[in-house]
Amino acid sequence: MKELRIHGRGGQGSVTAAELLAIAAFRDRKYSQAFPAFGAERRGAPVMAFMRVDDEPIRIRSQVYEPDYVMVQDASLIGVVDFMSGLKDGGILLINTPKSPEELGLKGNFTLRTINATAIAKEMIGRPIVNTTMMGAFAGVTGAVSLHAVIYAVKERFRGVAGDNNAKAIKRAYDLMIEGVSS
Amino acid sequence: MKLRIGAIADPGTSVVNLTGGWRTEIPRITPELCIRCFNCVIYCPESAVKYSDKEGIYFDYDYCKGCGICSNECSGHAIYMEMEEK
Amino acid sequence: MQVVEGSYAIAHAVKRCRPDVISAYPITPQTHIVEDLAQFVADGELECEFVPVDSEHSAMSVALGASAVGARAYSASTSQGLALMWEVLYNVSGMRLPVVMTAVNRAMSAPLSIWNDQQDTIGARDSGWIQIYVEDIQEAHDAMIQGYKIAESKDVMLPLMVCADGFILTHTYEPVVLAEQIEVDDFLPPYEPEYFLSVDNPLSFGCFAEPDKYMEFRYMQHEAMDRARIKIKEVADEFGKAFGRYYGGLIEGYNLDGAEIVLLTFGSIIGTIKEVVDREKNVGILKIRSYRPFPLVEIRDALKDAKVVAVIEKDFSAGFEGALFTDVKAALYNHINDLKMLGFVVGLGGRDVRADDILEIIKRSKSAMDGGITDEWQFIGLRGELL
């Protein structure tokens, strides 16, 4: 089983990202589970969401304490939220920031990848809503879900032009991560 | 008789129940004072105050509980209550 | 199978049951269920009278009235909302109306908490409603369909609440098989009540019962609960045959063969407990599906070879102990003499129940089995530094 913890701020679509990744994982013929850290959500407050993916049905329902992957949607959470808590040795930390991993200076036995998802989202979607772009990056970095499944899940949720634009942003982020370039 | 689930009862049970027996005071009417406002007919909780062209206002003493609402509501002070000797 | 939110799965199952009247007042974490149902009605997917109301008291009252005229009625609530339904719950069960509701489990205020525990439905335990607790989203979906069949059965005629943990089940996305209309139509016949309100054949429901009759009406509810014991099992079997999914009748055992320690509980923590128990030797799980009627005989039978039973629950009766713990002890008294019984309270007000908490419970149970001293009833996961 692989476990993902998403950190963001209320209104950034962290919960939606977890849900859509669960749908994508199921599309990849795996079992999946997604749920928010149930809080009194409000715009701007730090929030968390979780996603599990496995070849077997998933029974555990506690929150994720030792994630394989951590995704941070908002660099302003650095120093505010302990998003590295419990991150497994050899795990992957993916942060939305224009800075390079070296500039962030986060140390530990994990792979740190950064992506300027805000810039991609602004360019491709026209709004700084980064959750779908981050899903594309997540697929590229981790391989836990496939690119086509992520695009399928997002297009199911956002129809028409919005879906197409989101799909472009996902593809761009995915490609950047595959090429190993932190933009 | 066996009970039915849910305390579900057939209609008309209040017809069988002659509430006139509860009465201690009995309504009487002075017909000359009655202005035909029918407040007594409207307000009687047992529909025991009746009217006919021939008899004017009269009471169904099988069901009248003697509550006195008719007397209280009577615009012409025509209805009054008196102790009933049984 | 498709990945949907728990609330959606529940709403979908309710839709498939073709309710005639839905009345509910939104309250977190029940809201998504009734929002989805309102959407089905608005989109014309469900032909049904959706009655918006001013409160949960009114919601249950509307369900009562609808059921009394012979409609299939549904409502849903949680926590304070369920508490506000309180007197109507007794009216519905007393009038023997087979209303089915989803009781989403949430903590009671104060302190204000929107998060999950089971105190709310435990409070409604004695209201004469059948209570079915579910483990996962699929079971919540399936229990709604089973629920109407049980409740509307001629020899039961009792209201039924499906108790599903708030957020943990209602707000989680996972793969679920959503029932097809034709499957549910084959399984669940239309509701045909023996008695119903009608202008052509007037009746009075829930009449005045003087002391010479009241006790007999209450006894009849007790007898109906006894018959519900059989019906719940029958319906679970029928459902298994029709849909290929089975969750046990009144109870369900897991790894009970040779289990010395049995963790007895209900609700969504069973998934996490299964995950833990799979890595342990001689530890089994006894899941309570039907809390009312209470599976006395089944529990006695399932625990006859156990050495320790650890009752785990998200509720307690202030001044005593966990409600389920009390009930289990009462069921076993005079029947199993050398079984150690321990009670554990976990997860109040949304405190996450982790695998480590379950391991701690198993550790304390083992210690008790080996003659160690442990409290008979205790809280797990308390933050001592705050006390």
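Line by line, the protein sequences are chains A, B and C. One rule links them: number in the numbering used here = place in the first sequence (from 1) + 3. Numbering follows the numbering used here, with no gaps: position 31 of the second sequence is 22. One rule links them: number in the numbering used here = place in the third sequence (from 1) + 1. Ideal Cβ positions, reconstructed from N, Cα and C, are used throughout, including at glycine. Remember, it's a predicted structure, so these values are computed and weren't measured experimentally.
Which residue's Cα is closest to the Cα of residue i: the options?
i	options	result
glutamate 6/C	Met96/C, Val35/C and Leu170/C	Leu170/C
histidine 58/C	Ser78/C, Ile300/C, Arg97/C and Ser94/C	Ser78/C
aspartate 339/C	Ile363/C, Ala307/C, Gly323/C and Val354/C	Ala307/C
alanine 141/C	Gln40/C, Ile262/C, Gly344/C and Gly268/C	Gly268/C
isoleucine 381/C	Leu343/C, Leu38/C, Ser114/C and Thr32/C	Leu343/C
glutamine 379/C	Ala144/C, Arg219/C, Asp316/C and His223/C	Asp316/C
arginine 293/C	Asn92/C, Val185/C and His223/C	His223/C
glycine 139/A	Leu179/A, Gly163/A and Glu159/A	Leu179/A
lysine 56/B	Asn63/B, Tyr42/B, Pro22/B and Thr15/B	Thr15/B
phenylalanine 50/B	Ala0/B, Lys(-7)/B and Phe29/B	Phe29/B
threonine 1/C	Arg355/C, Asp279/C and Thr266/C	Outside the shown range of chain C (2 to 388) lies residue 1/C, about which nothing can therefore be said.
glutamate 193/C	Val277/C, Val135/C, Ile233/C and Ala72/C	Ala72/C
alanine 303/C	Phe295/C, Ile252/C, Val284/C and Phe345/C	Ile252/C
glutamate 69/A	Met87/A, Asp58/A and Ala78/A	Met87/A
serine 68/C	Glu88/C, Val93/C and Ser205/C	Val93/C
methionine 86/C	Pro99/C, Asp121/C and Asn117/C	Asp121/C
lysine 288/C	Thr32/C, Asp279/C, Glu314/C and Ser114/C	Glu314/C
isoleucine 28/C	Val70/C, Ile115/C, Met2/C and Leu38/C	Ile115/C
alanine 180/C	Ile231/C, Gly207/C, Ala369/C and Gly245/C	Gly245/C
glycine 143/A	Ala124/A, Lys110/A and Thr117/A	Thr117/A
alanine 39/C	Leu387/C, Met61/C, His13/C and Val63/C	His13/C
aspartate 71/A	Ile154/A, Asp31/A and Phe113/A	Phe113/A
Can you list the residues of chain A that residue i reaches, using a CB-CB cut of under 8 Å?
i	result
threonine 273/C	Arg62, Ile63, Arg64 and Ser65
alanine 356/C	Ile63 and Ser65
tyrosine 174/C	Ala21, Glu22, Ala25, Ile26, Ser35, Gln36, Ala37 and Phe38
Name, please, each residue of chain C whose Cβ falls closer than 7 Å to the Cβ of residue i.
i	result
isoleucine -4/B	Arg97, Met158 and Met221
tyrosine 68/A	Arg355
phenylalanine 113/A	Within 7 Å Cβ-Cβ: nothing; phenylalanine 113/A doesn't reach chain C, min ~22 Å.
Would you please verify whether the beta carbon of residue i is less than 8 Å from any beta carbon of chain C?
i	result
phenylalanine 86/A	no
glutamate 126/A	no
tyrosine 34/A	yes
phenylalanine 161/A	no
phenylalanine 141/A	no
Check the Cβ of residue i against every Cβ in chain C and list those closer than 9 Å, keeping chain order.
i	result
proline 2/B	Asn202, Pro203, Leu204 and Ser205
So, residue i versus residue j, is the Cβ gap smaller than 8 Å?
i	j	result
isoleucine 20/B	glutamate 73/B	no
alanine 243/C	aspartate 201/C	no
aspartate 353/C	glutamine 66/A	yes
phenylalanine 141/A	leucine 23/A	no
histidine 10/A	valine 84/A	yes
methionine 4/A	isoleucine 81/A	no
alanine 104/C	leucine 83/C	yes
methionine 221/C	isoleucine -4/B	yes
proline 176/C	phenylalanine 29/A	yes
alanine 237/C	glycine 254/C	no
isoleucine 363/C	phenylalanine 345/C	no
glycine 13/A	valine 50/A	yes
Closest Cβ-Cβ distance between residue i and chain D: below 8 Å?
i	result
proline 39/A	Here the protein chains are A, B and C, and chain D is not one of them.
Would a check of beta-carbon distances place residue i closer than 8 Å to chain B?
i	result
lysine 214/C	yes
alanine 260/C	no
alanine 332/C	no
Just checking: is the beta-carbon of residue i within a distance shorter than 8 Å of some beta-carbon in chain A?
i	result
tyrosine 196/C	no
proline 27/C	no
threonine 32/C	no
alanine 111/C	no
threonine 266/C	no
glutamate 276/C	yes
isoleucine 169/C	yes
What does residue i touch in chain A if you count any residue whose Cβ is under 9 Å from its own?
i	result
serine 269/C	Arg64
glutamate 281/C	Simply none; closest approach about 15 Å.
Which residues of chain B have a Cβ atom closer than 8 Å to the Cβ of residue i, listed in chain order?
i	result
alanine 210/C	Ala(-2)
Going along chain B in order, which residues have a C-beta closer than 9 Å to the C-beta of residue i?
i	result
glutamate 6/C	The premise fails here: glutamate 6/C is roughly 37 Å from chain B at the closest Cβ pair, so nothing lies under 9 Å.
phenylalanine 218/C	Leu(-6), Ile(-4), Gly(-3) and Ala(-2)
Using the beta-carbon of each residue, which ones in chain A are nearer than 7 Å to residue i?
i	result
isoleucine 11/C	Those do not exist, as isoleucine 11/C stays about 15 Å from chain A at its closest Cβ, beyond 7 Å.
Unbroken beta strand (DSSP E) runs of length 3 or more, entirely within the stretch 226 to 313 of chain C: which are they?
252 to 255, 262 to 266, 284 to 289 and 291 to 293
Can you list the beta strand (DSSP E) stretches of 3 or more residues lying completely in the stretch 144 to 185 of chain C, in chain order?
161 to 166 and 174 to 177
Can you give, in chain order, each stretch of the beta strand (DSSP E) that sits fully within the stretch 5 to 29 of chain B and has at least 3 residues?
16 to 20
Kindly provide the ranges of any alpha helix (DSSP H) runs that are 4 or more residues long and lie completely inside the stretch 39 to 90 of chain C, ordered along the chain.
57 to 69 and 80 to 85
Return the chain-ordered ranges of every beta strand (DSSP E) run that is complete within the stretch 89 to 147 of chain C and spans a minimum of 3 residues.
101 to 106 and 131 to 134
What are the uninterrupted segments assigned as beta strand (DSSP E) that are 3 or more residues long and contained completely in the stretch 85 to 155 of chain A, given in chain order?
Within the stretch 85 to 155 of chain A, the complete beta strand (DSSP E) segments of 3 residues or longer fall at 94 to 99 and 113 to 118, listed in chain order.
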